[in-house]
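Using full-length UniProt numbering, read the sequence shown as starting at 1 and increasing by one per residue.
C-beta atoms are modelled at their ideal positions from N, C-alpha and C, and glycine is treated no differently.
From a predicted model like this one, the values you see are computed outputs, not experimental measurements.
Notes for the one structure printed next.
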Amino acid sequence: MSDNQNLLAEQRRALILDEVRRRGGARVNELTRRLNVSDMTVRRDLDALARQGVIEKVHGGAVPVTEARTHEPGFEAKSALEPGAKEDIARAAAAMVAPGSAIALSGGTTTYAVARRLLEVPGLTVVTNSVRVADVFHAAAGALPGGGPRPGAPTVVLTGGVRTPSDALVGPVADQAIGSLHFDVLFLGVHGVSVEAGLSTPNLAEAETNRRLVRSARRVVVVADHTKWGTVALSSFARLEDVDTLVTDAGVPPRVRDEMAEHLPGLVVAGRGADAGESAREDGA
């Protein structure tokens, strides 16, 4: 892999993570040869991945973190992971939205980033089961001095339901509200994406609510950074065939990018380092 010498740090770490997960572990000396970088660079990358909680350092290398499929991190914990990748994804996703659209945003920190990018798009109707996403639009809407909404302010529909650790509202109340609605595009955050399991979440109630969101959307756009590919949580709620477009970041290694493109109708790779041709492989907004 001599051509990996000049990879961005995020791309190099994604390659390391993929290697550790695929083989069940990797040694530092193996990674230095495969990536054609120094021992110190690999050790710094392993330190960074260990801080993210996706690997565990062991003597001479690293092994994947074995996490219960039911484990669901809180919103604040997830917010600290891959913030640059989420911003790149959010910028690309928001560019797909036309003024006046009816859109939906599921719970999650990546959809939260998308919501902040949508504040400049006028006339939106936003359906969400995320308390955090609703707060983004509520805080930005403001009001005119005489009362009433500002021109172009979004109409926000927040479903009811039971709150999860990720600050999403799920359960029968949310499901019933979503089932009666129809929207142009759904931006869907996920815990994991894989060829075998499709889209998955550790929360059973959230899985059902996400199924309702997918069924109510004319177009489904999954927003997921490179660490989500290959992850499988407790409950699958959609197949890859149900997804119209996956928006991910440039940290995806070329081999994984090819696998994504093979199994997904539309793929957008956002951010610095993304190949312009592949970034444009998308089926129309």
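Per-residue burial, Asp-167 [other beta carbons within 10 Å of its own, 16 or more giving buried] | buried
Any idea if Met-96 is buried or exposed, counting beta-carbon neighbours within 10 angstroms, 16 or more meaning buried?
-> buried
Answer yes or no: the CB of Arg-219 versus the heavy atoms of the ligand FAD, is any distance below 7 Å?
-> Because no ligand of any kind appears in the structure shown, any question about the ligand FAD cannot be addressed here.
Through-space distance from Leu-158 to Val-214, alpha-carbon basis | 17 Å
Beta-carbon proximity of Val-247 to Val-220, cut-off 8 Å = no
CA-CA distance, Pro-99 and Gly-61?
-> 50 Å
Less than 8 Å separating the beta-carbons of Tyr-112 and Val-133?
-> yes
Residues near Asn-197 by beta carbon distance below 6 Å, same chain, minus five either side = This sequence places Ala at residue 197; Asn is not what is there. Counting only Cβ-Cβ distances below 6 Å, and skipping sequence neighbours, we find Val-232, Ser-236.
Note down, in chain order, each residue of its chain lying with its Cβ closer than 6 Å to the Cβ of Leu-267, except the 5 sequence neighbours on either side.
-> Leu-246, Met-260, Ala-261, Arg-281
What is the rounded straight-line gap between the Cα of Thr-109 and the Cα of Arg-211?
-> 19 Å
If you draw a straight line from the alpha carbon of Arg-239 to that of Lys-57, how long is it in whole angstroms?
-> 33 Å
Could you give the distance in angstroms between the alpha-carbon of Ala-141 and the alpha-carbon of Glu-87?
-> 21 Å
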